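Just so you know, we're using UniProt numbering here: the sequence shown kicks off at 1 and counts up by one. Here a beta-carbon is modelled for each residue, glycine too, at the ideal position from N, C-alpha and C. Only a predicted model underlies this, so the values are computations on that prediction, with no experimental measurement involved. Input: a single structure, listed below in C-alpha coordinates.
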Amino acid sequence: MQKRRFSKYFPAIFLFIDLLFLNIGFFVANYVRFNTFWFQGDRYPFLFVFLNITWIIIFFVTKLDRVDRERSVVDYISQILLGLTINLAVVFTMWASTRAYFYSREHLFYTYLIFSILIIGWRVGFINILRFYRTKGYNLRNIIIVGYGPIGRNLKRHLENNPEIGYAFKGFFDHKTEQPEVSGPVEDVPLYAKENNIDVIFCCLPKLFEQDVKPLIDFAENNLITIKLLSDFSKVGNKKLEVQQYGNIPVLNVSSIPLDRMINRVAKRTFDVLFSSFVMIFILSWLIPLIGLLIKLESPGPVFFIQNRHGRGNKYFPCWKFRTMVVNKEADSKQATKNDPRVTRTGAILRRTSLDELPQFINVFLGNMSVVGPRPHPIKLNEEYSPKIDRFIQRHAVKPGVTGLAQAKGYRGETSRFSEMYGRVKLDRFYVKNWSLWFDVKIIVMTIYSILFKTENAY
(Lines of atoms letter the chains of each structure in order from A; the text may use other names.)
(Lines give C-alpha, C1' and ligand atoms only; values in the text may rest on other atoms or scores of the structure.)
Protein backbone atom coordinates (compact mmCIF):
# COMPACT_ATOMS: atom_id res chain seq x y z
CA MET A 1 0.00 0.00 0.00
CA GLN A 2 1.37 3.39 -0.98
CA LYS A 3 2.16 5.55 2.03
CA ARG A 4 0.87 9.10 2.32
CA ARG A 5 3.75 11.53 1.79
CA PHE A 6 3.07 14.98 3.17
CA SER A 7 6.51 16.12 2.03
CA LYS A 8 5.11 16.65 -1.47
CA TYR A 9 3.27 19.69 -0.08
CA PHE A 10 6.44 21.22 1.39
CA PRO A 11 7.45 23.31 -1.67
CA ALA A 12 4.06 25.02 -1.83
CA ILE A 13 4.01 25.59 1.94
CA PHE A 14 7.56 26.94 1.98
CA LEU A 15 6.95 29.31 -0.93
CA PHE A 16 3.69 30.59 0.58
CA ILE A 17 5.24 31.31 3.99
CA ASP A 18 8.38 32.82 2.43
CA LEU A 19 6.27 35.24 0.38
CA LEU A 20 4.12 35.98 3.41
CA PHE A 21 7.18 37.03 5.42
CA LEU A 22 8.62 38.98 2.48
CA ASN A 23 5.41 40.97 2.22
CA ILE A 24 5.24 41.47 5.98
CA GLY A 25 8.73 42.91 5.76
CA PHE A 26 7.69 45.16 2.88
CA PHE A 27 4.62 46.60 4.62
CA VAL A 28 6.35 47.00 7.98
CA ALA A 29 9.11 48.87 6.13
CA ASN A 30 6.38 51.06 4.64
CA TYR A 31 5.24 51.97 8.13
CA VAL A 32 8.76 52.56 9.48
CA ARG A 33 9.79 54.73 6.53
CA PHE A 34 6.53 56.44 5.50
CA ASN A 35 4.34 56.04 8.61
CA THR A 36 1.73 54.09 6.65
CA PHE A 37 1.34 50.39 5.89
CA TRP A 38 -0.01 51.05 2.37
CA PHE A 39 1.95 51.82 -0.79
CA GLN A 40 3.69 55.17 -0.92
CA GLY A 41 3.03 56.73 -4.32
CA ASP A 42 2.44 54.91 -7.61
CA ARG A 43 5.96 53.44 -7.97
CA TYR A 44 6.05 51.11 -4.98
CA PRO A 45 3.46 48.62 -6.31
CA PHE A 46 5.97 47.76 -9.07
CA LEU A 47 8.70 47.23 -6.46
CA PHE A 48 6.29 45.03 -4.48
CA VAL A 49 5.60 42.81 -7.52
CA PHE A 50 9.28 42.77 -8.54
CA LEU A 51 10.41 41.58 -5.09
CA ASN A 52 7.84 38.78 -5.07
CA ILE A 53 8.62 37.53 -8.59
CA THR A 54 12.36 37.70 -7.93
CA TRP A 55 12.01 35.59 -4.78
CA ILE A 56 9.84 33.00 -6.56
CA ILE A 57 12.52 32.52 -9.23
CA ILE A 58 15.39 32.38 -6.72
CA PHE A 59 13.35 30.03 -4.50
CA PHE A 60 13.47 27.36 -7.21
CA VAL A 61 16.92 28.18 -8.63
CA THR A 62 18.59 27.78 -5.21
CA LYS A 63 16.39 24.76 -4.40
CA LEU A 64 14.88 26.27 -1.27
CA ASP A 65 11.88 24.01 -1.88
CA ARG A 66 13.85 20.91 -0.85
CA VAL A 67 14.22 19.41 2.61
CA ASP A 68 16.85 16.68 2.44
CA ARG A 69 17.04 14.43 5.48
CA GLU A 70 20.82 14.17 5.43
CA ARG A 71 21.56 17.90 5.45
CA SER A 72 22.48 19.75 8.63
CA VAL A 73 20.80 22.87 9.98
CA VAL A 74 23.94 24.86 9.14
CA ASP A 75 23.63 23.76 5.50
CA TYR A 76 20.02 24.97 5.44
CA ILE A 77 21.00 28.35 6.86
CA SER A 78 23.79 28.65 4.28
CA GLN A 79 21.32 27.88 1.50
CA ILE A 80 18.89 30.52 2.78
CA LEU A 81 21.68 33.11 3.05
CA LEU A 82 22.71 32.27 -0.50
CA GLY A 83 19.16 32.89 -1.71
CA LEU A 84 18.93 36.17 0.20
CA THR A 85 22.30 37.33 -1.14
CA ILE A 86 21.38 36.59 -4.76
CA ASN A 87 17.98 38.23 -4.26
CA LEU A 88 19.52 41.36 -2.81
CA ALA A 89 22.07 41.49 -5.65
CA VAL A 90 19.30 41.27 -8.27
CA VAL A 91 17.32 44.03 -6.59
CA PHE A 92 20.32 46.36 -6.33
CA THR A 93 21.22 45.63 -9.96
CA MET A 94 17.71 46.66 -10.98
CA TRP A 95 17.92 49.71 -8.72
CA ALA A 96 21.25 50.85 -10.23
CA SER A 97 20.69 49.90 -13.90
CA THR A 98 17.27 51.59 -14.13
CA ARG A 99 18.42 54.53 -12.00
CA ALA A 100 15.44 53.92 -9.71
CA TYR A 101 16.90 56.21 -7.06
CA PHE A 102 13.44 57.32 -6.02
CA TYR A 103 13.11 54.05 -4.07
CA SER A 104 14.12 54.57 -0.47
CA ARG A 105 17.28 52.68 0.54
CA GLU A 106 16.02 52.75 4.12
CA HIS A 107 12.82 51.06 2.98
CA LEU A 108 14.78 48.30 1.21
CA PHE A 109 17.04 47.89 4.23
CA TYR A 110 14.13 47.33 6.62
CA THR A 111 12.33 45.08 4.13
CA TYR A 112 15.28 42.70 3.87
CA LEU A 113 16.24 42.95 7.52
CA ILE A 114 12.77 41.88 8.65
CA PHE A 115 12.44 39.31 5.86
CA SER A 116 15.85 37.76 6.64
CA ILE A 117 15.09 37.44 10.36
CA LEU A 118 11.65 35.93 9.74
CA ILE A 119 12.64 33.47 7.01
CA ILE A 120 15.71 32.18 8.84
CA GLY A 121 13.77 31.93 12.08
CA TRP A 122 10.84 30.01 10.64
CA ARG A 123 12.94 27.72 8.44
CA VAL A 124 15.31 26.77 11.27
CA GLY A 125 12.36 26.31 13.60
CA PHE A 126 10.56 24.08 11.09
CA ILE A 127 13.65 21.93 10.45
CA ASN A 128 14.31 21.47 14.18
CA ILE A 129 10.68 20.56 14.85
CA LEU A 130 10.74 18.06 11.98
CA ARG A 131 13.99 16.52 13.22
CA PHE A 132 12.59 16.26 16.77
CA TYR A 133 9.41 14.69 15.33
CA ARG A 134 11.55 12.00 13.68
CA THR A 135 13.37 11.18 16.94
CA LYS A 136 9.95 10.27 18.36
CA GLY A 137 9.41 7.63 15.67
CA TYR A 138 7.41 9.59 13.10
CA ASN A 139 8.10 10.61 9.50
CA LEU A 140 10.45 7.63 9.12
CA ARG A 141 11.73 5.90 5.99
CA ASN A 142 12.38 2.16 6.09
CA ILE A 143 15.79 1.12 4.78
CA ILE A 144 17.82 -2.02 4.18
CA ILE A 145 21.54 -2.34 3.51
CA VAL A 146 22.74 -4.80 0.89
CA GLY A 147 26.30 -5.86 1.67
CA TYR A 148 27.41 -6.77 5.19
CA GLY A 149 30.81 -5.16 5.50
CA PRO A 150 32.60 -2.31 7.32
CA ILE A 151 30.94 0.37 5.20
CA GLY A 152 27.46 -1.02 5.71
CA ARG A 153 27.99 -1.42 9.45
CA ASN A 154 29.37 2.12 9.72
CA LEU A 155 26.31 3.43 7.87
CA LYS A 156 23.97 1.56 10.22
CA ARG A 157 25.84 2.97 13.23
CA HIS A 158 25.66 6.50 11.83
CA LEU A 159 21.90 6.28 11.24
CA GLU A 160 21.29 4.89 14.73
CA ASN A 161 23.38 7.67 16.29
CA ASN A 162 21.46 10.32 14.33
CA PRO A 163 17.77 9.44 14.68
CA GLU A 164 16.77 12.94 13.54
CA ILE A 165 17.58 11.84 9.97
CA GLY A 166 14.55 9.56 10.19
CA TYR A 167 15.77 6.24 8.75
CA ALA A 168 14.47 3.03 10.30
CA PHE A 169 16.96 0.20 9.69
CA LYS A 170 15.27 -3.10 8.82
CA GLY A 171 18.17 -5.43 8.08
CA PHE A 172 21.28 -6.48 6.17
CA PHE A 173 21.29 -8.68 3.07
CA ASP A 174 24.42 -10.42 1.82
CA HIS A 175 25.68 -13.52 0.02
CA LYS A 176 27.14 -14.67 3.32
CA THR A 177 24.17 -15.32 5.58
CA GLU A 178 25.94 -16.91 8.53
CA GLN A 179 26.15 -13.57 10.38
CA PRO A 180 23.25 -13.15 12.86
CA GLU A 181 22.60 -9.56 11.69
CA VAL A 182 22.08 -10.65 8.07
CA SER A 183 18.38 -11.10 7.36
CA GLY A 184 18.83 -13.07 4.17
CA PRO A 185 20.58 -13.48 0.82
CA VAL A 186 20.67 -10.76 -1.84
CA GLU A 187 18.13 -12.70 -3.90
CA ASP A 188 15.49 -12.13 -1.18
CA VAL A 189 15.70 -8.33 -1.36
CA PRO A 190 12.81 -7.75 -3.85
CA LEU A 191 10.31 -9.86 -1.91
CA TYR A 192 11.38 -8.45 1.46
CA ALA A 193 11.26 -4.88 0.18
CA LYS A 194 7.70 -5.28 -1.10
CA GLU A 195 6.41 -7.01 2.03
CA ASN A 196 8.01 -4.51 4.45
CA ASN A 197 7.38 -1.21 2.61
CA ILE A 198 11.08 -0.44 2.14
CA ASP A 199 11.71 3.12 1.00
CA VAL A 200 15.48 3.15 0.47
CA ILE A 201 17.99 0.43 -0.47
CA PHE A 202 21.68 1.09 0.25
CA CYS A 203 24.05 -1.05 -1.83
CA CYS A 204 27.64 -1.39 -0.57
CA LEU A 205 29.62 -1.89 -3.76
CA PRO A 206 32.72 -3.62 -2.32
CA LYS A 207 30.51 -6.48 -1.09
CA LEU A 208 28.50 -6.93 -4.30
CA PHE A 209 29.05 -8.13 -7.84
CA GLU A 210 27.93 -6.39 -11.02
CA GLN A 211 25.27 -9.05 -11.60
CA ASP A 212 23.77 -8.15 -8.20
CA VAL A 213 23.60 -4.37 -8.60
CA LYS A 214 21.89 -4.11 -11.99
CA PRO A 215 18.82 -6.24 -11.02
CA LEU A 216 18.49 -4.30 -7.73
CA ILE A 217 18.50 -0.97 -9.58
CA ASP A 218 15.89 -2.26 -12.05
CA PHE A 219 13.72 -3.55 -9.21
CA ALA A 220 13.97 -0.33 -7.21
CA GLU A 221 13.14 1.90 -10.17
CA ASN A 222 10.17 -0.30 -11.10
CA ASN A 223 8.77 -0.02 -7.55
CA LEU A 224 9.43 3.66 -6.74
CA ILE A 225 12.10 2.73 -4.21
CA THR A 226 15.17 4.95 -3.82
CA ILE A 227 18.46 3.11 -4.31
CA LYS A 228 21.85 4.47 -3.25
CA LEU A 229 25.29 3.06 -3.96
CA LEU A 230 28.07 3.18 -1.37
CA SER A 231 31.79 2.68 -1.66
CA ASP A 232 34.76 3.42 0.55
CA PHE A 233 36.13 6.78 -0.61
CA SER A 234 37.29 7.83 2.85
CA LYS A 235 40.94 7.35 1.85
CA VAL A 236 40.82 10.14 -0.74
CA GLY A 237 40.42 12.74 2.02
CA ASN A 238 37.54 14.70 0.50
CA LYS A 239 34.01 14.61 1.82
CA LYS A 240 32.53 16.62 -1.07
CA LEU A 241 33.04 14.34 -4.05
CA GLU A 242 31.53 15.45 -7.34
CA VAL A 243 29.99 12.99 -9.77
CA GLN A 244 30.54 13.92 -13.42
CA GLN A 245 29.02 12.23 -16.44
CA TYR A 246 31.09 11.26 -19.49
CA GLY A 247 28.47 9.84 -21.83
CA ASN A 248 26.94 7.05 -19.76
CA ILE A 249 30.06 6.69 -17.60
CA PRO A 250 29.85 8.23 -14.06
CA VAL A 251 33.20 9.60 -12.89
CA LEU A 252 34.10 10.83 -9.39
CA ASN A 253 36.02 14.11 -9.32
CA VAL A 254 38.02 14.04 -6.08
CA SER A 255 39.54 17.47 -6.78
CA SER A 256 36.25 19.38 -6.87
CA ILE A 257 35.68 22.24 -4.44
CA PRO A 258 32.48 24.18 -3.72
CA LEU A 259 33.79 27.33 -5.44
CA ASP A 260 34.12 25.44 -8.72
CA ARG A 261 30.37 25.99 -9.10
CA MET A 262 29.38 29.22 -10.80
CA ILE A 263 26.45 29.90 -8.46
CA ASN A 264 28.78 29.72 -5.44
CA ARG A 265 31.33 32.04 -7.04
CA VAL A 266 28.59 34.54 -7.86
CA ALA A 267 27.29 34.41 -4.29
CA LYS A 268 30.75 34.87 -2.80
CA ARG A 269 31.64 37.71 -5.16
CA THR A 270 28.35 39.46 -4.44
CA PHE A 271 29.01 39.21 -0.72
CA ASP A 272 32.56 40.51 -1.24
CA VAL A 273 31.43 43.54 -3.25
CA LEU A 274 28.68 44.47 -0.78
CA PHE A 275 30.90 43.96 2.29
CA SER A 276 33.95 45.77 0.87
CA SER A 277 31.78 48.66 -0.38
CA PHE A 278 30.35 49.08 3.10
CA VAL A 279 33.84 49.08 4.67
CA MET A 280 35.26 51.55 2.13
CA ILE A 281 32.33 53.98 2.37
CA PHE A 282 31.73 53.93 6.11
CA ILE A 283 35.18 53.08 7.55
CA LEU A 284 38.09 53.60 5.15
CA SER A 285 36.75 56.95 3.91
CA TRP A 286 37.66 58.57 7.24
CA LEU A 287 40.15 56.05 8.67
CA ILE A 288 42.70 56.24 5.84
CA PRO A 289 43.31 60.01 6.25
CA LEU A 290 43.54 59.63 10.04
CA ILE A 291 45.95 56.67 10.06
CA GLY A 292 47.84 58.09 7.10
CA LEU A 293 48.52 61.27 9.06
CA LEU A 294 49.81 59.29 12.08
CA ILE A 295 52.09 57.19 9.87
CA LYS A 296 53.52 60.29 8.14
CA LEU A 297 54.09 62.12 11.43
CA GLU A 298 56.10 59.25 12.91
CA SER A 299 58.37 58.25 10.00
CA PRO A 300 59.06 59.30 6.42
CA GLY A 301 57.78 57.13 3.61
CA PRO A 302 54.50 56.10 1.94
CA VAL A 303 51.25 55.56 3.83
CA PHE A 304 50.68 52.18 2.18
CA PHE A 305 52.97 49.18 1.93
CA ILE A 306 52.20 47.43 -1.39
CA GLN A 307 53.75 44.02 -1.94
CA ASN A 308 53.26 41.42 -4.67
CA ARG A 309 51.80 38.18 -3.32
CA HIS A 310 50.38 34.97 -4.73
CA GLY A 311 46.65 34.99 -5.41
CA ARG A 312 44.20 32.55 -6.96
CA GLY A 313 45.91 30.22 -9.40
CA ASN A 314 49.26 31.26 -7.91
CA LYS A 315 49.14 34.52 -9.92
CA TYR A 316 50.73 37.69 -8.57
CA PHE A 317 48.68 40.64 -7.35
CA PRO A 318 49.60 43.85 -5.44
CA CYS A 319 48.49 43.41 -1.80
CA TRP A 320 47.74 46.65 0.08
CA LYS A 321 48.50 47.31 3.77
CA PHE A 322 49.14 50.32 5.96
CA ARG A 323 52.89 50.75 6.38
CA THR A 324 53.80 49.65 9.91
CA MET A 325 57.61 49.72 9.68
CA VAL A 326 60.25 52.25 8.88
CA VAL A 327 61.28 51.95 5.24
CA ASN A 328 63.83 49.09 5.09
CA LYS A 329 65.42 46.74 2.57
CA GLU A 330 64.29 43.56 4.38
CA ALA A 331 60.55 44.23 4.17
CA ASP A 332 60.11 41.66 1.37
CA SER A 333 62.32 38.97 2.85
CA LYS A 334 62.10 39.05 6.65
CA GLN A 335 58.98 38.50 8.77
CA ALA A 336 58.18 40.81 11.66
CA THR A 337 59.25 39.32 14.98
CA LYS A 338 58.52 40.15 18.60
CA ASN A 339 60.00 43.54 19.57
CA ASP A 340 61.10 44.06 15.96
CA PRO A 341 62.98 47.41 15.86
CA ARG A 342 61.65 48.12 12.36
CA VAL A 343 58.04 48.37 13.62
CA THR A 344 56.94 51.92 14.50
CA ARG A 345 54.80 52.75 17.53
CA THR A 346 51.81 53.44 15.30
CA GLY A 347 52.60 50.27 13.37
CA ALA A 348 52.64 48.18 16.55
CA ILE A 349 49.11 49.33 17.36
CA LEU A 350 47.95 48.69 13.81
CA ARG A 351 49.43 45.18 13.83
CA ARG A 352 48.05 44.28 17.26
CA THR A 353 44.53 45.34 16.21
CA SER A 354 44.90 44.08 12.59
CA LEU A 355 43.96 47.56 11.35
CA ASP A 356 46.98 47.41 9.04
CA GLU A 357 45.07 44.90 6.90
CA LEU A 358 42.02 47.12 6.28
CA PRO A 359 43.28 48.57 2.94
CA GLN A 360 42.97 45.04 1.56
CA PHE A 361 39.25 45.68 1.25
CA ILE A 362 40.32 47.72 -1.79
CA ASN A 363 41.82 44.48 -3.13
CA VAL A 364 38.52 42.76 -2.37
CA PHE A 365 36.52 45.38 -4.26
CA LEU A 366 38.90 45.14 -7.24
CA GLY A 367 38.55 41.33 -7.29
CA ASN A 368 42.11 40.37 -6.29
CA MET A 369 41.03 39.10 -2.88
CA SER A 370 37.97 37.96 -0.96
CA VAL A 371 36.74 38.99 2.48
CA VAL A 372 37.40 35.42 3.68
CA GLY A 373 40.01 33.05 2.29
CA PRO A 374 43.54 31.78 2.93
CA ARG A 375 45.77 34.71 3.91
CA PRO A 376 48.25 35.73 1.16
CA HIS A 377 51.78 34.96 2.33
CA PRO A 378 54.90 36.85 1.26
CA ILE A 379 56.29 35.13 -1.84
CA LYS A 380 59.53 34.06 -0.14
CA LEU A 381 57.51 32.38 2.62
CA ASN A 382 55.56 30.39 0.01
CA GLU A 383 58.78 29.39 -1.74
CA GLU A 384 60.22 28.19 1.57
CA TYR A 385 57.30 26.06 2.75
CA SER A 386 55.67 24.89 -0.49
CA PRO A 387 58.17 22.01 -1.00
CA LYS A 388 57.93 20.99 2.66
CA ILE A 389 54.14 20.77 3.14
CA ASP A 390 52.01 18.35 1.12
CA ARG A 391 49.27 20.02 -0.97
CA PHE A 392 50.45 23.47 0.10
CA ILE A 393 49.45 24.86 -3.30
CA GLN A 394 45.81 23.85 -2.71
CA ARG A 395 45.31 27.02 -0.66
CA HIS A 396 45.73 28.96 -3.92
CA ALA A 397 42.72 27.27 -5.53
CA VAL A 398 40.59 30.19 -4.26
CA LYS A 399 41.15 33.91 -3.80
CA PRO A 400 43.16 34.92 -0.72
CA GLY A 401 41.24 36.64 2.05
CA VAL A 402 41.48 39.61 4.37
CA THR A 403 40.89 37.00 7.06
CA GLY A 404 40.70 33.23 7.02
CA LEU A 405 39.90 30.17 9.08
CA ALA A 406 43.53 29.91 10.24
CA GLN A 407 43.52 33.51 11.51
CA ALA A 408 40.15 33.02 13.21
CA LYS A 409 41.66 30.01 15.00
CA GLY A 410 44.60 32.06 16.27
CA TYR A 411 47.27 31.49 13.58
CA ARG A 412 48.11 35.17 13.19
CA GLY A 413 51.40 36.97 12.73
CA GLU A 414 54.81 35.26 12.63
CA THR A 415 55.20 31.60 11.68
CA SER A 416 58.64 30.89 13.11
CA ARG A 417 58.08 27.13 13.53
CA PHE A 418 57.20 24.52 10.92
CA SER A 419 54.28 23.31 13.06
CA GLU A 420 52.70 26.76 12.95
CA MET A 421 52.79 26.94 9.16
CA TYR A 422 51.62 23.32 8.87
CA GLY A 423 48.62 24.08 11.12
CA ARG A 424 47.79 27.20 9.14
CA VAL A 425 47.93 25.40 5.78
CA LYS A 426 45.87 22.48 7.11
CA LEU A 427 43.08 24.88 8.12
CA ASP A 428 43.34 26.69 4.78
CA ARG A 429 42.87 23.42 2.90
CA PHE A 430 39.88 22.56 5.08
CA TYR A 431 38.32 25.93 4.22
CA VAL A 432 38.87 25.43 0.48
CA LYS A 433 37.19 22.01 0.58
CA ASN A 434 34.28 23.02 2.83
CA TRP A 435 33.42 26.57 1.77
CA SER A 436 29.92 27.93 2.23
CA LEU A 437 28.55 31.44 2.59
CA TRP A 438 27.56 30.66 6.17
CA PHE A 439 31.12 29.45 6.84
CA ASP A 440 32.40 32.87 5.69
CA VAL A 441 30.08 34.69 8.08
CA LYS A 442 31.11 32.39 10.93
CA ILE A 443 34.81 33.03 10.23
CA ILE A 444 34.26 36.82 10.25
CA VAL A 445 32.64 36.58 13.69
CA MET A 446 35.42 34.28 14.95
CA THR A 447 38.06 36.69 13.62
CA ILE A 448 36.57 39.65 15.47
CA TYR A 449 36.57 37.60 18.68
CA SER A 450 40.19 36.52 18.06
CA ILE A 451 41.34 40.10 17.51
CA LEU A 452 39.64 41.32 20.68
CA PHE A 453 40.74 38.55 23.02
CA LYS A 454 43.62 36.58 21.43
CA THR A 455 46.42 38.76 20.14
CA GLU A 456 49.52 36.81 21.22
CA ASN A 457 51.16 36.54 17.78
CA ALA A 458 50.09 39.94 16.43
CA TYR A 459 53.37 41.85 16.32
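- The shortest C-alpha to C-alpha distance from residue 70 to any of 159, 229, 20 and 145 is the one to 159.
- Inside the region 120 to 148, DSSP marks whole beta strand (DSSP E) runs of 3 or more residues at positions 141 to 146, from first to last along the chain.
- Residue 428 sits buried, since 16 or more C-beta atoms from the chains shown fall within 10 Å of its C-beta.
- Contact between residue 186 and residue 212 holds, with the beta-carbon distance rounding to 5 Å and staying under 8 Å.
- Listed in chain order, the beta strand (DSSP E) runs fully inside the region 25 to 90 amount to none, counting runs of at least 3 residues.
- The way I'd put it, the region 40 to 47 doesn't touch the region 115 to 124; fewer than three beta-carbon pairs between them come closer than 8 Å.
- Of the other Cβ atoms in all chains shown, fewer than 16 fall within 10 Å of the Cβ of residue 262; this residue is therefore exposed.
- At a Cβ-Cβ threshold of 8 Å, residue 204 and residue 146 count as neighbours.
- Taking C-beta separations shorter than 7 Å and ignoring five residues to either side along the sequence, the partners of residue 142 in its chain run 168, 170, 196, 197, 198 and 199, following chain order.
- Of all alpha-carbon atoms in 434, 448, 437 and 219, the one lying nearest the alpha-carbon of residue 407 is that of 448.
- Between residue 270 and residue 98, the gap from beta carbon to beta carbon reaches 8 Å or more.
- Per DSSP, reduced to three states, the secondary structure at residue 323 is coil, with no helix or strand assignment.
- In this chain, the beta strand (DSSP E) harbouring residue 230 covers 226 to 230.
- Runs of beta strand (DSSP E) with 3 or more residues, each lying fully within the region 155 to 213, are found at 167 to 173, 182 to 184 and 200 to 204, listed in chain order.
- For a cut-off of 8 Å, the C-beta gap from residue 374 to residue 431 is around 7 Å, short enough to register as a contact.
- Residue 96 counts as exposed, since fewer than 16 other C-beta atoms from the protein chains shown sit within 10 angstroms of its C-beta.
- Nearest to residue 11 by alpha-carbon distance, out of 61, 50 and 306, is 61.
- Checking the DSSP bridge columns, you'll see residue 307 partnered with 319.
- Excluding the 5 residues flanking it on each side, residue 357 has same chain C-beta neighbours closer than 7 Å at 321 and 402, in chain order.
- Restricting attention to 164, 202, 163 and 157, the CA atom closest to the CA of residue 174 is found in 202.
- Inclusion of residue 399 and residue 312 in the CB contact set at 8 Å is warranted, their separation being smaller than that value.
- In the DSSP assignment, the residues bridged to residue 370 are 401.
- Exclusion of the five residues before and after residue 182 leaves 148, 171, 172, 173, 174 and 176 as the residues of its chain whose Cβ lies within less than 8 Å of its Cβ.
- The C-alpha of residue 22 is placed about 28 Å away from the C-alpha of residue 281.
- Under DSSP, no beta-bridge partner is assigned to residue 359.
- Here the region 340 to 347 does not lie against the region 303 to 317, with fewer than 3 beta-carbon pairs under 8 Å apart.
- C-alpha of residue 326 to C-alpha of residue 378: approximately 18 Å in a straight line.
- In this structure residue 144 is in contact with residue 193, their Cβ atoms being roughly 7 Å apart against a cut-off of 8 Å.
- Sixteen is the threshold: since fewer than 16 other Cβ atoms of the shown chains lie within 10 Å of the Cβ of residue 125, the residue is exposed.
- In terms of CA proximity to residue 90, 51 leads the group 51, 79 and 105.
- CA-to-CA, the gap between residue 163 and residue 154 works out to about 15 Å.
- Non-local C-beta neighbours of residue 384 in its own chain, meaning closer than 8 Å and more than five positions away in sequence, are absent.
- In the three-state reduction of the DSSP assignment, residue 387 falls in the coil class.
- Exclusion of the five residues before and after residue 105 leaves no residue of its chain whose Cβ lies closer than 8 Å to its Cβ.
- Between the alpha carbons of residue 295 and residue 329 lies a gap of roughly 18 Å.
- CA-to-CA, the gap between residue 130 and residue 72 works out to about 12 Å.
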